[in-house]
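Just so we're aligned, residue 4 is where the sequence shown starts under our numbering, counting upward by one.
Backbone N, C-alpha and C define an ideal beta-carbon position, used for all residues, glycine too.
Below is one structure, written out as structure tokens; the observations come after it.
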Amino acid sequence: MISFHLNVNPVAWQRARRCGNRYFTHQDSARFKNDIQSIILRRKELFSEFFNEAISLEVKFVFDRPKSVRRVFMTARPDIDNYLKALFDAFNGIVYKDDSQIVQLKASKEYKDTTSLKTGIYVKLTKLEVQNAANLHG
4 MISFHLNVNP VAWQRARRCG NRYFTHQDSA RFKNDIQSII LRRKELFSEF
54 FNEAISLEVK FVFDRPKSVR RVFMTARPDI DNYLKALFDA FNGIVYKDDS
104 QIVQLKASKE YKDTTSLKTG IYVKLTKLEV QNAANLHG
């Protein structure tokens with residue numbers, strides 16, 4: 004098991020745009036992917052045990068609350084799955100071979116003032132083994 008904080012502002016995945024016969028990745032998505040990969044590549048050796056294994060992943064996206072927002076939960080768009088897609092894309096080939104290895108997932112998006120955490124992305128990776136596979140159904 005490994006836990007770490009990525010000190011970057013979470014960015015939601017956006018569809019590639021088409022111009023004629025060419026496709027372009029949205030600039031924010033590309034920058035986010037590059038930022039994440041540059042951080043995790045510096046510590047790539049920490050992830051070697053996960054590269055070919057089944058993985059349980061916990062992710063917490065923490066944001067600053069806009070002054071105009073009073074609600075407790077972060078129910079505004081973008082949807083949490085789009086944040087996850089962007090993160091999965093950045094992790095592919097470095098943290099794990101492919102995101103299909105993620106067999107258990109827990110994710111949340113929260114405002115910083117409802118937690119003691121800093122803004123960014125908190126990740127907990129656990130390699131699943133036969134003896135703890137039974138816990139998936141518990």
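The criterion of a C-beta distance shorter than 8 Å is not satisfied by residue 35 and residue 79. When the Cα atoms are used, residue 102 and residue 95 turn out to be separated by approximately 6 Å.
In this structure residue 91 is buried. Its beta-carbon is surrounded by 16 or more other beta-carbon atoms within 10 angstroms. The beta carbons of residue 53 and residue 124 sit about 17 Å from each other, so the pair does not count as a contact at 8 Å.
Residue 55 has its alpha-carbon roughly 12 Å from the corresponding atom of residue 132.
A straight line joining the alpha-carbon of residue 6 with that of residue 127 spans about 4 Å.
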